[in-house]
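Working notes, structure below.
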Amino acid sequence: MPIYHTLGSIPRKRHTVFRKPDGENIYYEHLMGTYGFSGPASLLYRDGLPTEIKAQRELMTLTWRPDPDQTLRMRHFRLNNVPNGGSMTLNRMPVAFNSDVAITLAAPDRNDDFFYRNGQGDEIVYVSEGEGVLESEYGTLPYRTGDYVIIHRGITHRWKMNLDHKQRFLITESRDYVKTPERYRTQWGQFMEHSPFCERDIKRPSELITHTERGDFPVVIKKNNALHEVIFAHHPFDVVGWDGHYYPWALNIEDFEPITGSLHQPPPVHQHLEAGGFVMCSFVQREFDYHPEAIPAPYNHMNVMSDEILYYANDEFMSRKGIEYGSMTLHPIGLTHGPQPGKYEGSVGAERTEELAVMIDTFAPLTVSESVLSVEDESYQKSWLTDGDPSGEVKVPKQ
Ligand SMILES: [Fe+2]
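Note that the working numbering has the sequence shown beginning at 19, numbered continuously upward.
Structure representation (structure tokens):
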């Protein structure tokens, strides 16, 4: 994240003596950085040694079984039919994956009594439903429905969910560092005027609570597609202050201001994140195109270098039918996709959409996981068939 942020107490100069209140002992400086000391980084000051580990063991290997039938076809999964249950960390349902991204669904019904750190990828957690606080060594970050919570790798954290609310998360794990699109930012890092969101919309850790307890503190760490339990000798949230550019942050989908035009705007105007191997976009409530003869629905298109995942965060999407809240569709490389019969013609004259959806376009083909077959709508591929009536159920309004 390009915005500098700081919480708590830090010494005036880095890499200098920073004494504890007793006037004798010193806090331990801890650099957390990326790209070989050349990328975004933060300096944290800890009460205890971050290297003090009592024990470790491998908890489980994460095996992702592919759907045995990878026949080229459009796919639709009703993810909202997956029941709630289990842990945010230990019970993530694999949805689709390739070497750049891994998409999972988590629908936990309990809070973890351990901490979590992803040691192999960044996580973008879309809060489809829920509220609570993301606790981390960087402080507390309240979250709510519609938030994209970005937790870069290596950050120790814990989801403190308000269990009075149902909690459902779509998690995209990225091999590469996740960032906002470069074209939205100046060469100095500030969001430009044409960006659909800016610094004011970025939520950052707001309160630093320092824990100095010693004992046995389990942290589940993901590395090499396995979960490892590492027992630290002190509470992992023992930071008294930090500053820098590397920390968890969030952007709510409602703070993404749509870019509209007189004619159809292509998907890049909806983009809000990018990383090596994929981009992520938000389709939000907006006024439609205002040219008198505009067709607001998208044209048929074959983006020949992308598999397209769409997650429907409510039950409306202007170019789709048969979807519901929690649906996820996959339109793969190799097939042309577009509005279903009637949706293209039916969009003429429409003034507004209430749609809310998350799009993940991957540049390498995705493999569908076997886990989601139980909620698949197998009739989806045939939803474009017209029986010779291309206008479907919706007729073109007379001009
Ligand atoms: Fe598309």
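All C-beta atoms, glycine included, are put in the ideal place defined by N, C-alpha and C.
Note that the coordinates shown come from a computational prediction; the quantities given were computed from them, not determined experimentally.
Three-state secondary structure assigned by DSSP to residue i
i: glutamate 247; result: strand
i: asparagine 99; result: helix
i: aspartate 261; result: strand
i: serine 146; result: strand
i: lysine 361; result: helix
i: histidine 170; result: coil
i: tryptophan 177; result: strand
i: proline 286; result: helix
i: glutamine 208; result: coil
i: lysine 339; result: coil
i: lysine 184; result: coil
i: arginine 37; result: strand
Chain-order list of residues whose beta-carbon lies under 6 Å from that of residue i (same chain, five-residue window excluded)
i: serine 154; result: Ile173, His175, Pro266
i: leucine 348; result: Arg93, Ile327
i: glutamate 231; result: His253
i: glycine 262; result: Ala59, Ser60, Leu61
i: glutamate 225; result: Gly157, Thr158
Buried versus exposed, by CB contacts within 10 Å (16 or more), residue i
i: proline 357; result: buried
i: histidine 212; result: exposed
i: tyrosine 22; result: exposed
i: glutamine 289; result: buried
i: methionine 320; result: exposed
i: isoleucine 10; result: The shown model of the chain, from 19 to 417, leaves out residue 10, and the question about it has no answer.
i: valine 35; result: exposed
i: valine 322; result: exposed
i: lysine 400; result: exposed
i: histidine 355; result: buried
Close-in-space but distant-in-sequence residues of the same chain around residue i (CB under 7 Å, 5 per side omitted)
i: glycine 207; result: Pro20
i: proline 314; result: His282, Phe306, Asp307, Met336, Ser365, Ala368
i: serine 280; result: Asp307, Tyr308, His309, Ala312
i: leucine 67; result: Tyr46
i: arginine 203; result: Pro20, Phe209, Met210
Chain-order list of residues whose beta-carbon lies under 8 Å from that of residue i (same chain, five-residue window excluded)
i: lysine 416; result: Residue placement at lysine 416 cannot be trusted, given a pLDDT of 40 that sits under 50; what the coordinates show is reported in the next sentence. Hits under 8 Å: none found.
i: glutamate 217; result: Ile21, Gln208, Phe209
For residue j and residue i, the rounded distance between their alpha carbons
i: glutamate 147; j: glutamine 185; result: 5 Å
i: phenylalanine 235; j: valine 167; result: 24 Å
i: tyrosine 63; j: tyrosine 53; result: 21 Å
i: lysine 361; j: threonine 190; result: 29 Å
i: serine 60; j: leucine 353; result: 44 Å
i: phenylalanine 10; j: isoleucine 220; result: Limits of the chain in this structure are 19 at one end and 417 at the other, which puts residue 10 out of reach.
i: alanine 382; j: proline 284; result: 21 Å
i: aspartate 379; j: lysine 240; result: 25 Å
i: arginine 96; j: histidine 246; result: 31 Å
Heavy atoms of ligand 2 versus C-beta positions, residues under 7 Å: Ligand 2 is not among the ligands present in this structure, which contains only ligand 1.
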